[in-house]
Structures are given as C-alpha cells and as structure tokens.
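Trainee: Per numbering that gives the first Met the number 0, the sequence shown runs over residues 0 to 408.
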Amino acid sequence: MATVLERVLPPDWRPVLEKVRRGERLSGEEGLRLLTSNRLTPLGALADEARRLRAGDQVYFNNNAHINYSNVCAIHCRFCAFGKSRNHPEGYAYSIGQIVEKAAAYARLGVTEFHMVGGLHPDLPFDWYLDMLRAVKAAAPEAHLKCFTAIEMLHFSKISGLPLEEVLSRLKEAGLGSMPGGGAEIFAPRVRNIICKPKETAEEWLWVHDTAHSLGIKSNATMLYGHVERPEEIIDHLLRLREQQDRSGGFQAFIPLAFHPANTDLSDLPGPTGYLDLRVVAVARLLLDNFRFIKSYWVMMSPRMAQISLAFGANDVDGTVREEKIYHMAGAVTPQLQTPEELLSLIWEAGRIPAERDTLYNVIHEYPARPPEGWRPLLVGDAAAAADVAPSGPPSVPLTLTDLEEVEA
Ligand code: V47
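1) Are the beta-carbon atoms of Asn289 and Gln251 separated by less than 8 Å?
2) Nearest CA to the CA of Arg239: which residue from Thr272, Leu275, Ala281, Glu184?
3) What are the start and end residues of the beta strand (DSSP E) that includes Glu172?
4) What are the boundary residues of the beta strand (DSSP E) that Lys198 is part of?
5) Are there any heavy atoms of the ligand SAH lying less than 7 Å away from the beta-carbon of Asp317, as far as the coordinates show?
6) So what does DSSP say about Ala315, is it helix, strand or coil?
7) Just how far apart, CA to CA, sit Ala386 and Thr338?
8) Tell me, please, whether the stretch 40-53 touches the stretch 309-328 by the rule of three or more beta-carbon pairs shorter than 8 Å.
9) At a cut-off of 7 Å, would you count Met299 as near the ligand V47, judging by its Cβ distance to the nearest heavy atom?
10) With DSSP as the reference, label Ile150 as helix, strand or coil.
11) Rounded to whole angstroms, what is the Cα-Cα separation between Phe125 and Lys136?
12) Expressed to the nearest angstrom, what Euclidean distance is found between the alpha-carbon atoms of Ser213 and Glu203?
13) May I ask you to report which of helix, strand or coil DSSP gives Ala386?
14) Rounded to a whole number of angstroms, what is the C-alpha to C-alpha distance between Ser301 and Arg38?
15) Give the DSSP-derived three-state secondary structure of Gln335 in the structure shown.
16) With distances taken from CA atoms, which of Met152, Gly160, Arg24 is nearest Lys171?
17) Quick one: what's got a C-beta closer than 6 Å to Val77's C-beta in the same chain, skipping five residues either side?
18) Measure the alpha-carbon distance for Arg356 versus Glu89 and round it to whole angstroms.
19) Does Ala80 come out as helix, strand or coil in the three-state DSSP assignment?
20) Could you give the DSSP three-state label for His364: helix, strand or coil?
21) Is any heavy atom in the ligand V47 found nearer than 7 Å to the beta carbon of Cys146?
22) With a CB to CB cut of under 7 Å and the five nearest residues on each side skipped, what residues in its chain are close to Asp130?
23) With hydrogens ignored, establish whether the beta-carbon of His259 is closer than 7 Å to any heavy atom of the ligand V47.
24) With a threshold of 7 Å, establish whether the CB of Ile346 neighbours any heavy atom of the ligand V47.
25) Excluding the 5 residues preceding and the 5 following Leu167 in the sequence, name in chain order all residues of the same chain whose CB lies nearer than 7 Å to its CB.
26) For a test of the three-state rule: what should DSSP assign to Ala102, helix, strand or coil?
27) Is Phe186 near the ligand V47, judged by its Cβ being under 7 Å from some heavy atom?
28) Can you find a heavy atom of the ligand V47 that lies under 7 Å from the Cβ of Ile66?
29) How far does the alpha helix (DSSP H) with Ile218 in it reach, from first residue to last?
30) Where do the N-terminal and C-terminal ends of the beta strand (DSSP E) with Leu256 fall, by residue?
31) DSSP state of His208, grouped into three classes?
32) Note down the Cα distance separating Ile325 from Thr2, rounded to an integer number of angstroms.
33) In the DSSP output, what is Pro121 paired with across the bridge?
34) Please state whether the Cβ-Cβ distance between Arg278 and Leu42 is less than 8 Å.
35) Based on the DSSP output, what are the partners of Met178 in its beta bridges?
36) Just to confirm my understanding: we take Pro370, look at its own chain, exclude 5 residues before and 5 after, and list those with CB closer than 7 Å. What are they?
Here you go:
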C-alpha cells in the first residue's frame, strides 16, 4: 500500500524519494528541480521524510540572548540596515561595562548562550574583543559565548596583524565557545557584487570556518536569500556548504536568512514570499545531508512561519533571543522575545517533541511528546508582549515538566 507521501509525490520525484530513503546524496540538478517547482506539499513531505530519517522528531530551542555590541561598521553592504558609519547619529557602541551588565542580568534569567556580533568597528583594537570576552566570561561563567562572524574574524586579523589561526586561538583562550554563521550572504560573486561588494569572498568565509573547525571551534552556516539571487545561486551556496562540511565537519546548524528590505539600499525589492521561505528550508534539508540541524530563525521568519517550517525539514527554532537589532533595524515586526513557554507551544502544536539544548546541542531539558493535560497553547507573541524582556525582568528559568504541572495546578 502506498504511503501518503508516495501518493502526493509527482511520479518523476520518485527517484528522489528512493535516494532519500537509501541515504544517498542528491545532486545539484535534483535540488534545482525541487527548488523551482511550485509543488509545495510534496516538497514539504519529502523534506519532512529526510528530517525524520536523518534527525528524528525532536525540535530544539535554547535560552539565549543576542548582544549586538556595536553597529559602527567600516564597510557598507547594500542589504544591511544595521551598520552605520562612525559619525552617524544612530551609530552606537556599548562599553565593556555595559555588555557585562547585560550579560550578568541575562545570566540571572537562565540564559545559557550569548550570541554576540557587531559591525566592523574602525577604532576598537583586537585587545578590546579579548577583554570583552574575558569580562563576560567572568560575569557569566556558565554561559556559552557564540561570537563574531567570519567577516569579523578577518577584520580582527587585519587590525591586529595576526594570522587568522592566532586570532581564533586567542579568542578561544579568552572564552569564545563557537562561531555564529553570519556574513555568508550568497557565495556567488555576481550577487556579492550587487549586495555586498566590500565584503570578503566566499572562499575567505569558508576558509575562516575551515580554520575554526580545525581548532575545535564549532560554527553555524547561513544563507541570505530573497533579494537578487537566482535559484542556481542558492543551490551553488548549499553545495559549497555541503563540500565544506565534508572537509571539516564542524558546522552544527544551517540557518536560511530571509532578506528584510526596509531601510536598506535595496528597499525597492519585495523580499521573499512565504513559498520561497518554505522551499529554501525544504531544499536545504534535502541537499545538506551532512547537517543534522536546519534552524528556522523565528526573528526573521516570524514565529508562525518558523512553526510551519517544522513540517518542511526544520528541527530547530533558535532561542528566546530577547534583544535583536539587525533585523529590527531592517523593518522586522517580530517580537524581541519568545518565552520558553511560547517555544514549547509552537513545537507541541506542530506535533513534534521539544528539547531545550545548549549551544553544542547537548539536551538540557527533555520534554514529553505531548503537552501535559490541560496545557493551553499560547498564541505566538502573547507571552512576549506581556513579559518584561529587560534584563531586570522576572527570573525565567528553563521549564521542566514539574514546573509545567505546577503552572497547571
Ligand atoms: O550576516 C543583515 C543577515 C546576518 C539583513 O549562527 C540580514 O545561530 C536579512 O547570522 N535582512 C546576521 N538579513 C544574523 C545571523 C544569525 C542569526 C541567527 C542565528 C545565527 C546563528 C546567525 O543577518 C548577517 C546577514 O546575513 N542580515 N541584514 C537584512 N536586512
């Protein structure tokens, strides 16, 4: 008897399903055919099957806080609304004291990860970043520091005159735990030329991650889509990440980043559609057979779309976030915070098993497959809107089942 998946699948996609089931690698041509098809339901079903077979039914989230330490940036990328020149009225740079104050307050709220990135500041010396990491580590010793994109790492190498390996080793010594995936944009030179001409090349971005992996520093990978890229360039980006992962193996999650045009030089572009969001997640899951985690970053996708993407191959929704500037300066209207309760609701309602993780995907809290009796799903954004998201807000420790039962009682 044919399964539902087999029934919805167009006959010429059968060989792809068979490859997925046999654990065989899909080709770029197959990826392109899927990406350019508008048959969303079978594409989702195919990606969901790949996710189920390769990664299981848990959906991960973490209790994290983003700290964008400065938006002052020596280069100008046309897709970016965050970076500002040194004298711009909206340019800012937190002092180490201010960063430590935020970190200490967030640590008291149960945050396990600080995601810290910023612009390429023209004046701060490399020692400032080392001092900043040491100070945050001293204030929040239990928290994992996931900091600085590959582009920032190359900037540090330039301003310090140190080889990249030395930059990474010194940051690691100062407390760096892993690297986020930003700055990749789209690898194709044609697109980089249009959207981020002054930025380093794909080869340089990949080299930084390769070097980080060789030093035992895990990292993530991203792709910015929904602007001027062509489907072939999305596929090229994914294949280059897959090759890099074959070589160095240190990528944890792939995070597709939907372009937000407001307040950028590309504000005349419409940004991605919902169809594109879901097709990119699904094709990433299918092509990236060596990435266990496909993360739907709810800040840029919206919590609702991130929830739907769980049926299209995603198995991570990022974290609580709390304070985000890169997307909100580009017009994002998503909340700043999703509480653990909201993330749990989102995952349970999608029929999946929530797991709170640390940055390295160790599970900190396992949750049951189904919510406790009487659990009322929270509308995404509800609790966040009502909560005090400032660091001085009420303590918000990760929930356990016992906590949930107490809430219900
Ligand atoms: O590198 C900047 C992108 C990235 C815009 O590794 C924009 O866990 C859309 O990398 N519209 C930073 N995107 C964010 C990032 C990230 C986010 C969440 C988790 C992780 C992780 C990494 O945001 C930048 C750039 O690619 N970006 N401006 C914009 N207007």
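Where a beta carbon is used, it is the ideal one built from N, C-alpha and C, also for glycine.
These numbers come from a predicted model, not from an experiment.
Mentor: Taking the structure as given:
1) Within the sequence shown, residue 289 is the residue found at index 290, counting from 1. Within the sequence shown, residue 251 is the residue found at index 252, counting from 1. No, the Cβ-Cβ distance between Asn289 and Gln251 is not below 8 Å.
2) In the sequence shown, counting from the first residue as 1, residue 239 sits at position 240. The candidate whose alpha carbon is nearest that of Arg239 is Glu184.
3) Start at 1 with the first residue of the sequence shown, and residue 172 comes out as number 173. Per DSSP, Glu172 belongs to no beta strand (DSSP E); it is in the alpha helix (DSSP H), 163-173.
4) For this step, residue 198 is matched to residue 199 along the sequence shown. Here Lys198 belongs to no beta strand (DSSP E), and DSSP marks it neither H nor E.
5) You won't find the ligand SAH in this model; what it holds is the ligand V47.
6) Reading the sequence shown from its first residue, position 316 is the one you call residue 315. Looking at the sequence itself, residue 315 is Asp, so the reference to Ala does not match. Reduced to three states, the DSSP call for Asp315 is strand.
7) On the sequence shown, position 387 is the one that residue 386 refers to. On the sequence shown, position 339 is the one that residue 338 refers to. Caution is warranted here: a pLDDT of 45 is assigned to Ala386, below 50, making its placement in the model unreliable, and no coordinate value can be reported.
8) yes
9) The sequence position of residue 299 within the sequence shown is 300, counting from 1. True, at least one ligand heavy atom lies under 7 Å from that Cβ.
10) In the sequence shown, residue 150 corresponds to position 151, counting from 1. Residue state, collapsed to three classes: helix.
11) Position 126 of the sequence shown holds residue 125. Position 137 of the sequence shown holds residue 136. Spanning the two alpha carbons is a distance of roughly 17 Å.
12) For the purposes of this step, residue 213 is taken as residue 214 along the sequence shown, with counting starting at 1. For the purposes of this step, residue 203 is taken as residue 204 along the sequence shown, with counting starting at 1. One C-alpha to the other measures close to 15 Å.
13) Numbered from its first residue, the sequence shown carries residue 386 at position 387. Low local confidence applies: a pLDDT of 45 at Ala386 is under 50, so the model's placement there is unreliable, and no value is given.
14) As a position in the sequence shown, residue 301 is number 302, starting the count at 1. As a position in the sequence shown, residue 38 is number 39, starting the count at 1. Roughly 23 Å separates the two Cα atoms.
15) Mapped onto the sequence shown, residue 335 falls at position 336. Gln335: coil per DSSP, three-state reduction.
16) As a first step, residue 171 is located in the sequence shown; it is residue number 172 there, counting from the start. The shortest Cα separation from Lys171 among Met152, Gly160, Arg24 belongs to Met152.
17) On the sequence shown, position 78 is the one that residue 77 refers to. Residue 77 is actually Arg in this sequence, not Val. Excluding residues within five positions, the ones whose Cβ falls inside 6 Å are Ile194, Asp264, Leu265.
18) As a first step, residue 356 is located in the sequence shown; it is residue number 357 there, counting from the start. As a first step, residue 89 is located in the sequence shown; it is residue number 90 there, counting from the start. Using only the alpha carbons, I get a separation of about 35 Å.
19) As a first step, residue 80 must be located in the sequence shown, where it is residue number 81. Ala80: coil per DSSP, three-state reduction.
20) Walking along the sequence shown from the start, residue 364 turns up at place 365. In this structure, His364 counts as strand in the three-state DSSP scheme.
21) Counting from 1 along the sequence shown, the entry for residue 146 is found at position 147. No, the ligand V47 has no heavy atom inside 7 Å of this Cβ.
22) Counting from one through the sequence shown, the residue named residue 130 turns up at place 131. Excluding residues within five positions, the ones whose Cβ falls inside 7 Å are Ile95.
23) Stepping through the sequence shown from its first residue, residue 259 is reached at position 260. Result yes, Cβ under 7 Å from the ligand V47.
24) Your numbering for residue 346 matches position 347 in the sequence shown. Flag unset: Cβ of Ile346 not near the ligand V47.
25) Here residue 167 corresponds to residue number 168 of the sequence shown, with the count starting at 1. For Leu167, where only same-chain residues beyond five positions count, the Cβ hits under 7 Å are Met152, Thr210, Ala211, Leu214, Ile216.
26) To locate residue 102, count along the sequence shown from 1; it is residue 103. The answer is helix: DSSP assigns Ala102 an H, G or I state.
27) Looking up residue 186 in the sequence shown gives position 187. Result no, Cβ not under 7 Å from the ligand V47.
28) To locate residue 66, count along the sequence shown from 1; it is residue 67. No, since every heavy atom of the ligand V47 falls outside the 7 Å radius drawn around the Cβ of Ile66.
29) Reading the sequence shown from its first residue, position 219 is the one you call residue 218. Reading off the sequence, residue 218 comes out as Ser, not Ile. First-last for Ser218: 217-224, but that is the beta strand (DSSP E), not the alpha helix (DSSP H).
30) Walking along the sequence shown from the start, residue 256 turns up at place 257. Leu256 -> beta strand (DSSP E) spans 250-257.
31) For the purposes of this step, residue 208 is identified with residue 209 of the sequence shown, where counting begins at 1. His208: helix per DSSP, three-state reduction.
32) Here the question's residue 325 lines up with position 326 in the sequence shown. Here the question's residue 2 lines up with position 3 in the sequence shown. Whole-angstrom Cα-Cα distance: 43 Å.
33) Within the sequence shown, residue 121 is the residue found at index 122, counting from 1. DSSP, once it has assigned bridges, lists no residue as partnering Pro121.
34) Counted from its first residue, the sequence shown places residue 278 at position 279. Counted from its first residue, the sequence shown places residue 42 at position 43. Yes, these two residues count as a Cβ contact at 8 Å.
35) Translated into the one-based positions of the sequence shown, residue 178 becomes position 179. Paired residue(s): Ser218.
36) Start at 1 with the first residue of the sequence shown, and residue 370 comes out as number 371. Correct list, in chain order: Trp347.
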